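*Asks:* Under my numbering, think of the first position of the sequence shown as 10, with each following residue one higher. Where is the CB? At the ideal position from N, CA and C, for every residue including glycine. Note that the structure is predicted; figures quoted are calculated from it, not measured. Have a look at this one before I ask anything.
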Amino acid sequence: MQFRQVLGQEDIKHYLREVVEKDRIPHALIFLGASGYGTLPMAMAFAQYVMCEDRQAGDSCGRCRHCYKSAKRIHPDIHYTFPTIGSKSTSAEFSSDWRSFLEQNMYAEVFDWFNRIGGDNRQGNITKDECLRLLKALSMKTFEGEFKVQILWMPEFLGREGNRLLKLIEEPPDNTLFILVGQQQEEILNTITSRCQLVPFKPLDEKVLRKHLIENFPRLKGEEVDQISVLAKGDLNIAIDLAEQKEGIAANIWLEWMRIAYKGNGVEMVSWSDRFNRLDREAQKNFFRYGLYFFREMILYQLYPEHQILLMEKESLAMRKLSNLIELRSIQEAIELANDSIFHLERNGNARIVMLDNSIQLNKILRGKIPTGNRFTKKQKS
Ligand SMILES: [Zn+2]
Numbered sequence: 010m011q012f013r014q015v016l017g018q019e020d021i022k023h024y025l026r027e028v029v030e031k032d033r034i035p036h037a038l039i040f041l042g043a044s045g046y047g048t049l050p051m052a053m054a055f056a057q058y059v060m061c062e063d064r065q066a067g068d069s070c071g072r073c074r075h076c077y078k079s080a081k082r083i084h085p086d087i088h089y090t091f092p093t094i095g096s097k098s099t100s101a102e103f104s105s106d107w108r109s110f111l112e113q114n115m116y117a118e119v120f121d122w123f124n125r126i127g128g129d130n131r132q133g134n135i136t137k138d139e140c141l142r143l144l145k146a147l148s149m150k151t152f153e154g155e156f157k158v159q160i161l162w163m164p165e166f167l168g169r170e171g172n173r174l175l176k177l178i179e180e181p182p183d184n185t186l187f188i189l190v191g192q193q194q195e196e197i198l199n200t201i202t203s204r205c206q207l208v209p210f211k212p213l214d215e216k217v218l219r220k221h222l223i224e225n226f227p228r229l230k231g232e233e234v235d236q237i238s239v240l241a242k243g244d245l246n247i248a249i250d251l252a253e254q255k256e257g258i259a260a261n262i263w264l265e266w267m268r269i270a271y272k273g274n275g276v277e278m279v280s281w282s283d284r285f286n287r288l289d290r291e292a293q294k295n296f297f298r299y300g301l302y303f304f305r306e307m308i309l310y311q312l313y314p315e316h317q318i319l320l321m322e323k324e325s326l327a328m329r330k331l332s333n334l335i336e337l338r339s340i341q342e343a344i345e346l347a348n349d350s351i352f353h354l355e356r357n358g359n360a361r362i363v364m365l366d367n368s369i370q371l372n373k374i375l376r377g378k379i380p381t382g383n384r385f386t387k388k389q390k391s
């Protein structure tokens with residue numbers, strides 16, 4: 010990974026080049042921000058930059074043996090630690106999954122990672138055994154160059170085990186660079202963050218997202234590219250989800266579902282649920298994520314009629330019509346419904362049951378049969 014392959018974030022690249030040039034590399038850094046802002050790719054690009062034998066024009070060369078091995082993620086002096094499933098597991102046992110995961114999308118979310126290794130967030134952790142493995146690896150001599158780099162993804166999953174690393178972070182062996190890559194500062198042990206140089210990431214610029222969308226989703230119309238770039242709020246993952254919806258099926262079938270749920274015909278709802286069940290898991294989640302946007306726009310439209318609606322024309326028209334039928338508090342219920350559905354789908358809930366239940370609930374919401382404050386969603390599903 011070279012800096013130029015990392016989207017945007019020019020300020021941070023500038024800072025990282027500068028600490029290397031001035032020979033002032035902090036021994037421990039923590040990159041903070043949403044995965045979709047590019048924290049992990051930046052950590053990998055920085056590790057490669059530090060290792061490179063022939064840095065040029067503010068970037069690693071991309072050709073020397075260090076660059077070659079860094080890019081293939083087989084450099085013996087670049088160590089990766091990340092959350093895994095199982096109380097005694099270590100990152101080493103998951104290294105081939107990890108490599109192919111990164112090959113697919115280096116901006117991916119921790120949820121996607123757990124999906125890949127067959128678990129969920131609640132089971133994920135960075136274990137005591139992994140901390141011990143890490144300490145051992147960093148205590149050894151370097152294999153190939155001057156530096157050792159440890160990239161630790163999602164320190165949020167360290168728990169108290171993290172305290173084993175404090176001494177290492179505070180007094181690291183010579184030429185050791187520790188890069189932690191996290192999302193929420195408040196969920197990381199204070200004892201750790203206080204010993205690291207914080208590097209907060211900002212959302213990606215709209216123009217960076219726009220360029221990426223144009224290059225990667227050539228079928229999107231200009232107007233769609235603009236709207237997605239705004240809706241994504243600087244998060245590449247959201248932008249990709251939305252773009253896939255536009256090129257794919259989610260936005261189209263969303264309105265169809267609204268119609269079916271409004272009518273409330275049982276046979277139609279069952280056959281709809283069967284169809285939904287045949288979509289792949291990502292498409293199913295995207296469907297509900299799109300729904301969240303749709304309802305969010307509806308709330309804004311009701312509260313601030315002058316708000317510029319960030320929906321495509323057809324969806325915008327449907328939203329405004331529907332908005333006459335549905336009260337604010339019912340939209341809240343619908344949002345909760347969509348959030349719960351994503352929650353269950355992420356935990357491998359049965360998509361057919363999730364969808365059928367949703368159709369029935371949404372029908373009640375649209376028909377105004379849900380009394381205020383009736384919490385109905387957390388029971389039957391999955
Ligand atoms: Zn190089």
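Beta carbon of E246, beta carbon of E118: below 9 Å?
*Replies:* It should be noted that the sequence gives Asn, not Glu, for residue 246. Cβ distance < 9 Å, so N246 and E118 count as in contact.
*Asks:* Assuming contact is defined by CB atoms lying nearer than 9 Å, are I340 and I308 in contact in what I supplied?
*Replies:* For I340 and I308, yes; Cβs fall inside 9 Å.
*Asks:* Relative to ligand 1, is the shortest distance from any of its heavy atoms to the C-beta of S394 smaller than 8 Å?
*Replies:* Nothing about residue 394 can be reported from this structure: the residues present for the chain run from 10 to 391 only.
*Asks:* Are the CB atoms of I237 and L207 within a distance shorter than 9 Å?
*Replies:* Result no, Cβ atoms of L207 and I237 do not sit closer than 9 Å.
*Asks:* Grab me the residues of E155's own chain with a C-beta within less than 8 Å of its C-beta, minus the 5 sequence neighbours each way, in chain order.
*Replies:* Result list for E155: N184, in chain order.
*Asks:* Within 10 angstroms of its Cβ, does D250 collect 16 or more other Cβ (buried), or is it exposed?
*Replies:* The residue in question, D250, is buried, as its Cβ has 16 or more Cβ neighbours within 10 Å.
*Asks:* Under the three-state reduction of DSSP, which class applies to T200: helix, strand or coil?
*Replies:* Reduced to three states, the DSSP call for T200 is helix.
*Asks:* CB Q192 to CB M163, shorter than 9 Å?
*Replies:* Against a cut-off of 9 Å, the Cβ pair of M163 and Q192 comes out as a contact.
*Asks:* Under DSSP, the beta strand (DSSP E) around H88 begins and ends at which residues?
*Replies:* Looking at the DSSP string, the run of the beta strand (DSSP E) that includes H88 is 87 to 90.
*Asks:* In this structure, how does DSSP classify K373 when only helix, strand and coil are distinguished?
*Replies:* Helix at K373.
*Asks:* Give me, in chain order, the residues of the same chain whose beta-carbon lies closer than 6 Å to that of R384; leave out the 5 immediate sequence neighbours on both sides.
*Replies:* Note that R384 has pLDDT 38, beneath the 50 cutoff, so the model's placement of it is unreliable and no number is given.
*Asks:* Strictly by DSSP, which residues pair up with I39?
*Replies:* DSSP lists L189, L207 as partners of I39.
*Asks:* Quick check on this structure: which residue in S325, G128, R74, A252 has the alpha carbon closest to the alpha carbon of L229?
*Replies:* Among S325, G128, R74, A252, the Cα nearest to that of L229 belongs to A252.
*Asks:* Applying the criterion that 16 or more other CB atoms from any shown protein chain within 10 Å of the CB defines a buried residue, is N172 buried or exposed?
*Replies:* N172 should be labelled exposed.
*Asks:* Which whole runs of the alpha helix (DSSP H) in the segment 14 to 79 are 4 residues long or more, in chain order?
*Replies:* DSSP runs (the alpha helix (DSSP H)) wholly in the segment 14 to 79: 19 to 30, 48 to 60.
*Asks:* Which two residues bound the contiguous beta strand (DSSP E) that contains I318?
*Replies:* No beta strand (DSSP E) holds I318; DSSP gives it neither H nor E.
*Asks:* Could you pull out every unbroken beta strand (DSSP E) segment of at least 3 residues lying fully inside the segment 107 to 157, listed in chain order?
*Replies:* If we require 3 residues or more, the segment 107 to 157 turns out to have no beta strand (DSSP E) run fully inside it.
*Asks:* Give a yes or no on whether the C-beta atoms belonging to A360 and N286 are separated by under 9 Å.
*Replies:* A contact, by the Cβ cut-off of 9 Å.
*Asks:* Within the same chain, show all residues whose beta-carbon is closer than 7 Å to that of P85, passing over the 5 residues directly before and after it, in chain order.
*Replies:* Only F152, E153 meet the Cβ criterion.
*Asks:* By how many angstroms is the C-alpha of A260 removed from the C-alpha of E139?
*Replies:* Near 43 Å, if we compare the C-alpha coordinates of A260 and E139.
*Asks:* Throw me the rounded Cβ distance for the I126 and I94 pair, which I believe falls under 8 Å.
*Replies:* Yes, I126 and I94 are in contact; Cβ-Cβ is about 6 Å, under 8 Å.
*Asks:* Have a look at L264 and L189 and give me their C-alpha separation to the nearest angstrom.
*Replies:* Looking at the two C-alpha atoms, the distance is approximately 42 Å.
*Asks:* Rounded to whole angstroms, what's the CA-CA distance from I39 to N199? Just pull it up for me.
*Replies:* Distance between the alpha carbons of I39 and N199: 12 Å.
*Asks:* Name the DSSP bridge partner or partners of I94?
*Replies:* Its beta-bridge partners are G133.
*Asks:* Take the Cβ of V279 as the centre, count every other Cβ of all protein chains shown within 10 Å, and call the residue buried at 16 or more, exposed below.
*Replies:* Flag for V279 reads exposed.
*Asks:* What does the alpha-carbon distance come out to for the pair K388 and F120?
*Replies:* Because K388 carries a pLDDT of 37, less than 50, the predicted location of this residue cannot be relied on, and no value is offered for it.
*Asks:* Do Q57 and ligand 1 come close, with the Cβ less than 8 Å from some heavy atom?
*Replies:* Yes, Cβ of Q57 sits closer than 8 Å to a heavy atom of ligand 1.
*Asks:* Can you find a heavy atom of ligand 1 that lies under 8 Å from the Cβ of M321?
*Replies:* No, Cβ of M321 sits at least 8 Å from all heavy atoms of ligand 1.
*Asks:* Using only alpha-carbon positions, find the residue among L326, E315, Q132, V363 that is nearest to R284.
*Replies:* Here the closest residue by C-alpha is V363.
*Asks:* When DSSP builds the beta bridges, which residues end up paired with Q159?
*Replies:* According to DSSP, Q159 bridges with H88, F187.
*Asks:* Does K390 pass the burial test, meaning 16 or more other C-beta atoms within 10 Å, or should it be called exposed?
*Replies:* Here K390 scores only 36 on pLDDT, less than 50, and its place in the model should not be relied on; the value that follows carries that caveat. Flag for K390 reads buried.
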